[in-house]
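Worksheet for the structure shown next.
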Amino acid sequence: MEKQELLYEGKAKKLYKTSESDVIWVEYLNQATALNGKKKDLIKGKGSLNNQITSLVFRMLTEAGVPNHFKKKLSETEQLIEAMTMFPLEVVLRNVSAGSFSKRFDVKEGTPLAKPIIEFYLKDDKLDDPMMNEDHIQLLGLATAKEIKEIKKMTLEVNKVLQKLFKEIDIQLVDFKLEFGKQADGTILLADEISPDTCRLWDVKTGEHLDKDVYRRDLGNLVPVYQEVFERLLKLESI
């Protein structure tokens, strides 16, 4: 397996072609961003932690029967994933009111929601990732009604698995963002990453933030917080 030319460079990752057409080489970066890229810093060790956390969580999701694009962790900062056609959507699931949800609807942060809420956003930095409904998605040809239904079903499945995993290590899964892609035959797979960059995580006992809000809200040093999440997740492998 050889790493070839750069396909894409985002805020947190670089994607490379490989000598196998259906496999992509991912390199996680030390860049931290917030507010849609308006806040940006290089933080040593962040890329390594996000890669290792994502690799661990995706392996656990595979074991739980959730189909996804993860293939193999190569190093502390690199992994292999399946090449797919990505949906240009960010899918957010909320279990507890926080962040933009609290601001939009004036619901106190920390209020448990009666049921998980799924939101869709167009993945487009130039437009500040606007919120969408299912009609918008179909009108713009981003996904069919059948695909949206499958994505929502898979998102709820991921929520159940992640809630159980994080509960075992005294972490509350407040909300998270997912991305999806599809294979040539139309099969939909979970994609992108699952890390404290993409999940809002609170310590069950103290309520402390164990996620990117530490950086976003200037609450402290991001790396020790991500390291704490990683070390707790590692304990699950020995259970």
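Under the working numbering, the residue at position 115 of the sequence shown is numbered 318, and the numbers go up by one with no gaps. Every residue, glycine too, gets a C-beta built ideally from N, C-alpha and C.
Check	Outcome
Continuous beta strand (DSSP E) stretch holding R297: start and end	L292 to V299
Residues near M335 by beta carbon distance below 6 Å, same chain, minus five either side	F323 and L325
Simplified DSSP assignment, three categories, for D378	strand
Contact check, I256 vs F433, beta carbons under 8 Å	yes
Burial state of G384, where buried means 16 or more other Cβ atoms lie within 10 Å	buried
Short Cβ contact (8 Å threshold) for L238 with G250	no
K311 versus I320: straight-line alpha-carbon distance, rounded	16 Å
Spatially closest choice to L381 from V361, T390 and E230, by CA coordinates	V361
Simplified DSSP assignment, three categories, for G338	At residue 338 the sequence reads Asp, which differs from the Gly that was named. Three-state result, D338: helix.
Secondary structure of G344, DSSP reduced to three states	coil
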